[in-house]
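Just so we're aligned: 29 in the numbering used here is position 29 of the sequence shown, and the numbers increase by one with no gaps anywhere.
Following: one structure in C-alpha coordinates, then a few remarks.
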Amino acid sequence: MTLAAHLAELSEKHRSLERKIKEELARPSADDGQISRWKLEKLKLKDEMAKLQGNGSTRH
1 MTLAAHLAEL SEKHRSLERK IKEELARPSA DDGQISRWKL EKLKLKDEMA
51 KLQGNGSTRH
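Shown next, in the form of C-alpha coordinates:
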(Lines of atoms letter the chains of each structure in order from A and count residues from 1; the text may use other names and numbers.)
(Lines give C-alpha, C1' and ligand atoms only; values in the text may rest on other atoms or scores of the structure.)
Protein backbone atom coordinates (compact mmCIF):
# COMPACT_ATOMS: atom_id res chain seq x y z
CA MET A 1 0.00 0.00 0.00
CA THR A 2 1.37 3.41 -0.90
CA LEU A 3 1.68 6.16 1.66
CA ALA A 4 -1.01 8.20 -0.09
CA ALA A 5 -3.40 5.23 -0.09
CA HIS A 6 -2.73 4.54 3.57
CA LEU A 7 -3.33 8.20 4.46
CA ALA A 8 -6.56 8.18 2.45
CA GLU A 9 -7.73 5.07 4.31
CA LEU A 10 -6.93 6.62 7.69
CA SER A 11 -8.68 9.82 6.67
CA GLU A 12 -11.82 7.91 5.67
CA LYS A 13 -11.83 6.08 9.02
CA HIS A 14 -11.48 9.47 10.75
CA ARG A 15 -14.47 10.87 8.82
CA SER A 16 -16.49 7.73 9.53
CA LEU A 17 -15.87 8.08 13.26
CA GLU A 18 -16.89 11.75 13.09
CA ARG A 19 -20.20 10.73 11.49
CA LYS A 20 -20.77 8.06 14.14
CA ILE A 21 -20.09 10.56 16.91
CA LYS A 22 -22.50 13.12 15.43
CA GLU A 23 -25.20 10.48 14.98
CA GLU A 24 -24.77 9.23 18.54
CA LEU A 25 -24.86 12.77 19.96
CA ALA A 26 -28.15 13.36 18.13
CA ARG A 27 -29.78 10.46 19.97
CA PRO A 28 -31.83 11.33 23.06
CA SER A 29 -29.91 8.83 25.20
CA ALA A 30 -26.42 9.04 23.72
CA ASP A 31 -23.88 6.50 24.97
CA ASP A 32 -21.19 8.73 26.47
CA GLY A 33 -18.80 5.81 26.93
CA GLN A 34 -19.00 4.87 23.26
CA ILE A 35 -18.58 8.49 22.21
CA SER A 36 -15.45 8.75 24.36
CA ARG A 37 -14.01 5.58 22.81
CA TRP A 38 -14.70 6.87 19.30
CA LYS A 39 -13.12 10.24 20.11
CA LEU A 40 -10.01 8.52 21.44
CA GLU A 41 -9.80 6.37 18.32
CA LYS A 42 -10.23 9.50 16.19
CA LEU A 43 -7.33 11.19 17.99
CA LYS A 44 -5.13 8.14 17.46
CA LEU A 45 -5.93 8.21 13.74
CA LYS A 46 -5.14 11.92 13.58
CA ASP A 47 -1.81 11.35 15.33
CA GLU A 48 -0.94 8.49 12.98
CA MET A 49 -1.79 10.61 9.93
CA ALA A 50 0.37 13.47 11.23
CA LYS A 51 3.24 11.08 11.93
CA LEU A 52 3.05 9.64 8.41
CA GLN A 53 2.98 13.13 6.93
CA GLY A 54 6.13 13.99 8.84
CA ASN A 55 4.39 16.38 11.22
CA GLY A 56 5.08 15.03 14.69
CA SER A 57 3.10 17.73 16.48
CA THR A 58 -0.68 17.73 16.42
CA ARG A 59 -3.17 20.02 18.11
CA HIS A 60 -5.94 18.42 20.17
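All C-beta atoms, glycine included, are put in the ideal place defined by N, C-alpha and C.
8 Å Cβ shell around residue 7 - same chain, five flanking residues per side excluded: 49, 52, 53
Beta-carbon contacts of residue 38 that lie in its chain and below 6 Å, excluding the five residues immediately before and after: Only 17, 20, 21 meet the Cβ criterion.
Between the CA atoms of residue 27 and residue 1 - distance to the nearest angstrom: Going from the Cα of residue 1 to the Cα of residue 27 covers about 37 Å.
C-beta contact flag for residue 35 and residue 25 at 8 Å: yes
For residue 53, three-class secondary structure by DSSP: Looking at residue 53 - three-state DSSP - the assignment turns out to be coil, as it is neither helix nor strand.
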